[in-house]
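In what follows, a single structure is set out as structure tokens and then discussed.
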Amino acid sequence: MEHVTTIFAGNLQEKNDDKHIGCGECQTSCQSACKTSCTVANQICEQNQ
Amino acid sequence: MVHAFRIGGLRLALDVESGALHSLSEAAFCVLEKRIAGESYEATPDEAAATHNLTQLEQAGQLFSPAADTQVHTHMQKRKPVVKALCLHMAHECNLRCAYCFAGQGNYGTDDRGLMPLEVGKKALDFIIAQSGARRNLEVDFFGGEPMMNFDVVKQLVAYGRAREKETGKRFRFTLTTNGAFLSTDNIPYINENFDNVVMSLDGRPDVNDRMRGTGTYDDLVPKIKAMASARGNASHYVRGTYTRHNLDFATDVLHMADLGFQYLSVEPVVAPPSEDYALREDDLPALFAEYEKLADALLEREKTGKGVRFFHFDIDLDGGPCIAKRVTGCGAGSEYLAVTPGGRLFPCHQFVGDDAFCLGDLDTGVLDIARVHEFSHCHVLTKSECASCWAKYYCSGGCMATAHYANGSILKPDKISCELMRKRIECALYMLAARKI
């Protein structure tokens with residue numbers, strides 16, 4: 053597209069299905085380099101490991 | 161919801177509900193801004209072509225995607241959180257006297273001082289095994305004060321945890337969070353072998369570090385942290401620092417630590433009451449925003465010369481990140497994640513330790529304050545009005561509940577400065593992803 057370069061097509065809704073949603077195996081988000089400011093976007097989905 | 165923003169010469173659009181990220185022409189960006197603002201406009205030929213492209217994105221589900229939160233709402237209402245992470249306060253003592261320490265130089269301002277006895281630590285590991293339901297992966301952070309002041313017990317607990325793994329099928333992931341002062345050639349191989357993550361503290365330049373953490377600490381700590389980081393290689397570890405109002409130019413500190421050879425870095429805004437001279441203020445925000453952008457550009461430049469480093473808060477994995485349920489849940493403090501004091505008392509997280517109103521029970525009684533647990537487990541992005549309407553909600557996950565409570569008197573009311581900084585960090589992270597691709 054002339055006016056748009058897509059960097060990432062998006063997949064959040066694909067992770068919203070019964071298989072993926074809330075299995076709870078992932079890391080708690082305040083358990084790594086941040087002990088004061090929670091961030092989840094750099095967490096890894098255990099199902100992708 | 162779409163967030164359109166300019167940064168580093170790029171014009172970016174994040175489609176919040178799908179997670180799609182686009183780089184736009186000037187014409188497309190202007191059209192999109194008008195569309196977001198609900199303004200009518202007479203399109204130039206260029207804008208007409210841009211409008212067509214934006215419509216194509218919309219039809220592909222990559223722009224103005226509708227919120228699909230019904231399923232997430234249902235999930236969040238039905239979920240029954242289990243305890244899956246503990247922060248073990250191995251020592252309410254510390255060998256350093258960092259001026260900004262939220263833990264009151266280690267003792268959290270409580271009578272619950274000293275070192276955690278082995279028996280308390282074992283009870284804590286038994287507790288998380290018993291409370292974790294079907295969850296296999298369990299996280300335990302050996303924290304303090306300075307946990308290496310109680311390192312013999314730490315080692316015995318690691319051994320105990322490994323033995324319990326075999327009996328239960330659980331898997332412990334151990335983290336050591338240390339100021340690094342006690343790292344030595346004697347213990348580094350052991351730590352490297354037995355810990356899934358090692359977090360070490362350093363604030364950056366010598367004068368910046370020593371001003372808040374004590375004269376001479378930089379010279380003492382850097383060689384030890386270097387030795388640990390070197391042994392670690394690419395295994396999970398972070399050298400993490402804190403910036404304050406005294407070093408609003410903190411990008412220089414991040415880059416200083418990168419120049420020291422550290423690959424995995426995190427530098428965070430200080431948590432402090434507004435009365436402290438080093439506390440960040442709202443009027444610091446423009447300078448801090450500029451500093452984050454400067455840091456993003458500097459890190460991109462380093463990558464071009466093969467000297468790239470990972471900065472925790474700019475590290476977003478758009479493709480492989482967690483599901484929406486995780487993204488709206490946040491840190492899980494008070495329901496999935498608890499802190500344990502040396503005496504065995506339970507708190508929603510390390511930030512609440514020392515505030516008796518938040519004591520949930522102890523390892524003998526278990527969690528008694530069920531109402532408080534309910535309050536924490538129902539504090540998430542979907543129940544916080546400011547978060548639900550924020551474009552950054554799936555990347556930030558609602559921010560720190562302790563910071564919200566101590567700033568605004570409610571875990572449901574996020575702290576404004578923290579939110580502003582988080583949004584800027586996410587913009588920078590998205591910018592770096594885009595800049596690498598364009």
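Residue numbers (my numbering), protein chains in the order written: chain A, 53 to 101; chain B, 161 to 598.
Where is the CB? At the ideal position from N, CA and C, for every residue including glycine.
The structure displayed is predicted, hence computed values, not measured ones.
- Rounded to the nearest whole angstrom, the C-alpha separation of residue 495 of chain B and residue 240 of chain B is 9 Å.
- For the segment 484-515 of chain B, the set of residues with a beta-carbon nearer than 8 Å to any beta-carbon of chain A comprises 484, 485, 486, 487, 489, 490, 491, 492, 493, 496, 497, 509, 510 and 511, in chain order.
- For residue 428 of chain B, DSSP records a beta bridge to B:402.
- Rounded to whole angstroms, the Cβ separation of residue 175 of chain B and residue 224 of chain B is 7 Å, and the two are in contact under 8 Å.
- In the three-state reduction of the DSSP assignment, residue 69 of chain A falls in the coil class.
- Using a 10 angstroms sphere on the CB of residue 321 of chain B, the tally of other CB atoms reaches 16 or more, which defines it as buried.
- In chain order, 55 make up the part of chain A whose C-beta sits under 7 Å from the C-beta of residue 210 of chain B.
- For a cut-off of 8 Å, the C-beta gap from residue 260 of chain B to residue 432 of chain B is around 6 Å, short enough to register as a contact.
- Scanning its chain for C-beta atoms nearer than 8 Å, with the 5 sequence neighbours on each side dropped, one finds around residue 222 of chain B the residues 175, 178, 180 and 182, in chain order.
- Of all residues in the segment 265-298 of chain B, only 295, 296 and 297 come within less than 8 Å of chain A when Cβ atoms are compared, listed by chain position.
- Residue 288 of chain B places its beta carbon 8 Å or farther from that of residue 317 of chain B.
- By the Cβ neighbour-count rule, residue 55 of chain A is buried, with 16 or more other Cβ atoms within 10 Å of its own.
- Taking all protein chains shown into account, residue 96 of chain A has fewer than 16 neighbouring C-beta atoms within 10 Å of its C-beta and is therefore exposed.
- Annotation: residue 330 of chain B has no Cβ neighbours in chain A at a cutoff of 8 Å; minimum Cβ distance is about 12 Å.
- Residues of chain A with a Cβ closer than 8 Å to the Cβ of residue 244 of chain B are, in chain order, 76 and 80.
- For the segment 167-184 of chain B, the set of positions with a beta-carbon nearer than 7 Å to some beta-carbon of chain A reads 175, 177, 178, 179, 180, 181, 182, 183 and 184 in chain order.
- Neighbours of residue 597 of chain B in chain A, taken as residues at a C-beta separation under 8 Å, are given in chain order as 57 and 59.
- Residue 340 of chain B is positioned such that its CB atom lies no closer than 8 Å to that of residue 282 of chain B.
- Selection B:569, B:562, B:500 and B:484 evaluated against residue 62 of chain A yields B:484 as nearest (Cα-Cα).
- Taking the Cα positions, residue 329 of chain B is about 21 Å away from residue 315 of chain B.
- In the three-state reduction of the DSSP assignment, residue 554 of chain B falls in the helix class.
- Under DSSP, residue 360 of chain B shares a beta bridge with B:338 and B:399.
- From the beta-carbon of residue 213 of chain B, the residues of chain A found nearer than 8 Å are 53, 54, 55 and 56.
- Note: residue 165 of chain B is bridge-paired with B:172 in the DSSP secondary-structure output.
- From the listed residues B:285, B:165, B:401 and B:164, the smallest Cα separation to residue 473 of chain B is found for B:401.
- Residue 460 of chain B and residue 308 of chain B do not touch by the CB rule: their CB atoms are close to 36 Å apart, not below 8 Å.
- Secondary-structure assignment with DSSP links residue 269 of chain B through no beta bridge to anything.
- Checking the DSSP bridge columns, you'll see residue 522 of chain B partnered with B:505 and B:526.
- Counting C-beta pairs with one atom in each stretch, the segment 577-592 of chain B and the segment 538-555 of chain B have three or more that are closer than 8 Å, which means they touch.
- Judged by beta-carbon spacing, residue 528 of chain B lies beyond the 8 Å limit of residue 243 of chain B, meaning their Cβ atoms are not closer than that value.
- At a cut-off of 8 Å, the C-beta of residue 406 of chain B has no neighbouring C-beta in chain A.
- Put simply, of B:457, B:565 and B:488 the residue whose alpha carbon is nearest the alpha carbon of residue 232 of chain B is B:488.
- Residue 251 of chain B is bridged by DSSP to B:275 and B:304.
- Here residue 470 of chain B is bridged, per DSSP, to B:424.
- Counting along the chain, the unbroken beta strand (DSSP E) around residue 182 of chain B starts and ends at 180-184.
- Residue contact with chain A for residue 231 of chain B: present (Cβ-Cβ distance below 8 Å to some residue of chain A).
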